[in-house]
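Structure first, commentary second.
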Amino acid sequence: MEFFGHVIDGAEVKSAGGETFTSVDPYTREPWAEVALGGPAEVERAVAAARRAFDEGPWPRMGRAERGRLLHRLADLIVANADRLGLADTRDMGKPISQSRGNDVPRAADNFRFFADHARLTTAETLPMDSGHHAYTRYDPVGVAAAIAPWNFPLMLETWKIAPALAWGNTVVLKPAEDTPASATILARLALEAGLPPGVLNVVHGYGPDSAGQALTEHPGIDRITFTGESTTGRVISAAAAAHLVPVSLELGGKGANAVFADADLDNAVNWSIRAIFTNAGQVCLAGSRLYVQRPVFEEFMARFTAAAEAMRLGDPKLDTTELGPLASETHYRKVRGYVETVSDEGGTVHSGGLGDGWFVRPTVITGMPATGRHQREEIFGPVVTVTPFDTEDEVVALMNDTRYGLNAMLFTENLSRAHRVSARLRAGTVWVNCFFIRDLRAPFGGVGDSGVGREGGTFSREFFTEPKAVVMQIT
Ligand code: NDP
Numbered sequence: 001m002e003f004f005g006h007v008i009d010g011a012e013v014k015s016a017g018g019e020t021f022t023s024v025d026p027y028t029r030e031p032w033a034e035v036a037l038g039g040p041a042e043v044e045r046a047v048a049a050a051r052r053a054f055d056e057g058p059w060p061r062m063g064r065a066e067r068g069r070l071l072h073r074l075a076d077l078i079v080a081n082a083d084r085l086g087l088a089d090t091r092d093m094g095k096p097i098s099q100s101r102g103n104d105v106p107r108a109a110d111n112f113r114f115f116a117d118h119a120r121l122t123t124a125e126t127l128p129m130d131s132g133h134h135a136y137t138r139y140d141p142v143g144v145a146a147a148i149a150p151w152n153f154p155l156m157l158e159t160w161k162i163a164p165a166l167a168w169g170n171t172v173v174l175k176p177a178e179d180t181p182a183s184a185t186i187l188a189r190l191a192l193e194a195g196l197p198p199g200v201l202n203v204v205h206g207y208g209p210d211s212a213g214q215a216l217t218e219h220p221g222i223d224r225i226t227f228t229g230e231s232t233t234g235r236v237i238s239a240a241a242a243a244h245l246v247p248v249s250l251e252l253g254g255k256g257a258n259a260v261f262a263d264a265d266l267d268n269a270v271n272w273s274i275r276a277i278f279t280n281a282g283q284v285c286l287a288g289s290r291l292y293v294q295r296p297v298f299e300e301f302m303a304r305f306t307a308a309a310e311a312m313r314l315g316d317p318k319l320d321t322t323e324l325g326p327l328a329s330e331t332h333y334r335k336v337r338g339y340v341e342t343v344s345d346e347g348g349t350v351h352s353g354g355l356g357d358g359w360f361v362r363p364t365v366i367t368g369m370p371a372t373g374r375h376q377r378e379e380i381f382g383p384v385v386t387v388t389p390f391d392t393e394d395e396v397v398a399l400m401n402d403t404r405y406g407l408n409a410m411l412f413t414e415n416l417s418r419a420h421r422v423s424a425r426l427r428a429g430t431v432w433v434n435c436f437f438i439r440d441l442r443a444p445f446g447g448v449g450d451s452g453v454g455r456e457g458g459t460f461s462r463e464f465f466t467e468p469k470a471v472v473m474q475i476t
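Structure follows, in structure tokens:
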């Protein structure tokens with residue numbers, strides 16, 4: 001079995017007592033990697049290393065151009081190691097290799113390139129004042145950032161946090177999800193190869209509650225916490241951050257609504273709606289898991305949508321041809337299975353799909369589910385979609401907003417006025433019109449309600465990972 005250690009202060013290390021855990025490949029359902037199991041002791045060492053690197057090391061002082069050069073070199077190494085990195089996520093959590101290597105790895109490299117360039121090219125405000133003074137803003141690094149990541153897009157989401165933190169001159173301690181440790185260690189090894197100084201990027205593996213994750217978020221030496229994960233965990237982490245008055249960014253769960261109007265380009269709507277719910281087996285915070293279709297096109301849409309869902313290729317996620325892999329772990333499979341098995345209890349019907357072999361759930365389409373049913377209200381986080389007909393624009397806006405989440409929404413229409421009108425009325429951090437998942441890294445990303453607190457991306461990440469400082473000068 002391959003071994004993945006912590007990376008602390010520039011070296012890959014084991015835990016003090018030699019404790020380890022295994023990562024299980026959800027396709028073979030066998031352990032494939034042995035991983036160092038960290039706890040408070042390893043967190044202590046990592047935070048101390050990150051603090052030293054920030055207080056005494058060259059990283060915050062070297063200037064954005066030089067930091068950017070090193071981060072671009074890291075991006076080059078990520079691309080050069082795409083096979084290893086992609087396979088690590090695929091073996092850890094069952095994501096098809098075409099998605100991990102083909103999408104997540106290039107995106108991880110782009111996260112570093114984007115934030116390196118963004119930090120270098122950013123401008124700051126100068127405010128001429130009537131009183132014979134002027135004021136200007138400095139964006140200074142804050143110190144040590146703690147990053148806590150989930151298992152559904154391991155490398156991609158970890159780099160989405162690490163890249164802006166580093167580009168702005170901070171140092172980082174990352175706690176990856178226990179189900180997906182491998183790519184984080186590979187990334188930290190590559191960061192050292194790229195020339196990032198020791199202690200700038202540290203990785204501690206371990207569990208969340210009562211373990212490494214909790215120790216990290218409760219550590220008094222942390223200056224920022226950036227967390228992506230479940231809303232319930234977000235509440236716990238928010239409380240931990242409050243104890244030290246540490247700013248926290250929370251990217252939490254979702255229950256994405258997707259409306260297809262009768263005037264939509266149906267080919268386009270079917271294509272994106274399939275990808276919105278079945279990419280990564282629905283284990284996507286943004287998944288379009290509540291689909292609403294206007295009644296005049298309901299039957300036709302359903303026929304095309306179901307046919308496309310049934311045509312998806314399930315299988316070994318290591319094969320380039322596979323479109324849908326198993327769910328990420330046995331625990332998660334059992335959770336999603338629980339939803340599939342209770343559809344009729346809640347008043348709905350499994351229109352197509354259902355349980356597969358092993359930890360597979362086939363692309364599952366549910367109809368007739370009442371708006372109050374658990375399947376319409378809770379984040380299933382699997383390849384399971386409810387489809388509901390609607391008549392009017394007002395009705396569908398009310399249905400889409402009827403959720404405690406508010407991460408994203410999608411709508412398909414060829415009517416320009418409707419597109420703007422409905423987008424404005426939806427309570428969500430991102431609205432996609434006639435598309436899905438298209439990102440501009442300058443745009444704000446985050447959610448409302450139980451989907452999170454704060455925004456990341458471009459200047460939003462800058463605000464979070466820096467202390468904006470006003471300098472007021474007398475001119476004469
Ligand atoms: P969890 O909240 O279970 O875990 C996320 C991370 O937090 C893991 O590293 C976990 O460790 C750690 N953790 C758990 N409890 C604590 C604690 N008390 N203190 C500190 N750390 C802790 O989320 P999942 O990994 O299950 O991820 C899926 C969730 O993430 C879904 O709800 C999904 O919607 C959301 N998500 C949101 C996104 C967004 O941008 N809004 C993007 C992607 C996912 P361990 O692995 O050991 O449990």
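Here UniProt numbering is used: the first residue of the sequence shown is 1, the next is one more, and so on.
No residue lacks a Cβ here, since even glycine has one placed at the ideal position from N, Cα and C.
Three-state secondary structure (DSSP) of residue i
i	result
Arg439	coil
Pro363	strand
Leu37	coil
Phe390	strand
Gln283	coil
Val396	helix
Met129	coil
Ile380	coil
Gly446	coil
Leu355	strand
Asp140	strand
Ser249	strand
His118	helix
Val200	coil
residue 481	Only positions 1 to 476 of the chain appear in this structure, which leaves residue 481 out of reach.
Ser23	strand
Thr306	helix
Ala135	strand
Ala149	coil
Thr322	coil
Thr123	coil
Thr372	coil
Thr349	strand
Limits of the alpha helix (DSSP H) - the one that residue i falls within
i	result
Gly338	330–341
Ile277	266–278
Thr185	182–194
Arg290	That residue, Arg290, is in no alpha helix (DSSP H); its beta strand (DSSP E) goes 290–294.
Met1	Counting along the chain, Met1 falls outside any alpha helix (DSSP H), and DSSP gives it neither H nor E.
Ser211	Per DSSP, Ser211 belongs to no alpha helix (DSSP H) and is neither H nor E.
Val236	231–243
Gly86	82–93
Distance between beta carbons of residue j and residue i, contact taken as under 8 Å
i	j	result
Asp55	Glu467	About 15 Å separates the two Cβ atoms, so there is no contact after all.
Val397	Ala428	Incorrect: roughly 11 Å between the Cβ atoms, too far for contact.
Arg51	Val144	6 Å
Ala264	Glu414	6 Å
Pro317	Tyr27	6 Å
Pro247	Phe445	Actually they are not in contact, since the Cβ atoms of Pro247 and Phe445 sit about 17 Å apart, beyond 8 Å.
Arg470	Thr137	Here the sequence assigns Ala to residue 470, which means Arg is not the residue at that position. Sure, about 6 Å apart at Cβ, within 8 Å.
Val365	Val340	With 8 Å as the limit, Val365 and Val340 do not qualify as a contact, their Cβ atoms being about 11 Å apart.
Pro363	Phe278	5 Å
Met369	Gly348	3 Å
Ala75	Ala109	4 Å
Val7	Arg189	7 Å
Limits of the beta strand (DSSP E) - the one that residue i falls within
i	result
residue 479	Past the edges of the chain, shown from 1 to 476, lies residue 479, and the structure says nothing about it.
Asn408	408–412
residue 477	Residue 477 is absent from the model: the chain starts at 1 and stops at 476.
Arg417	It is Ser, not Arg, that sits at residue 417 in the sequence shown. Careful: Ser417 lies outside any beta strand (DSSP E), inside the alpha helix (DSSP H) at 416–425.
Pro468	466–474
Ile225	224–228
Val13	11–13
Leu174	171–175
Val431	430–433
Quick check: the region 72–86 against the region 126–137, are at least 3 beta-carbon pairs closer than 8 Å? no
For the region 25–79, which segments carrying the beta strand (DSSP E) assignment without a break, of at least 3 residues, lie completely within its bounds, in sequence order? 30–36
With three or more beta-carbon pairs closer than 8 Å as the criterion, would you say the region 95–109 touches the region 319–335? yes
Touch test, the region 200–219 against the region 32–48, Cβ-Cβ under 8 Å, three pairs minimum: yes
Touch test, the region 183–198 against the region 3–22, Cβ-Cβ under 8 Å, three pairs minimum: yes
Spell out a yes or no on whether the region 188–207 and the region 166–178 are touching, meaning 3 or more CB-CB pairs, one atom from each, closer than 8 Å. yes
Whether or not the region 217–230 and the region 189–204 are in contact is what I'm after, with contact meaning three or more pairs of Cβ atoms, one per stretch, closer than 8 Å; do they touch? no
Below 8 Å, how does it come out for the region 299–308 and the region 62–80: are there three or more Cβ pairs, yes or no? no
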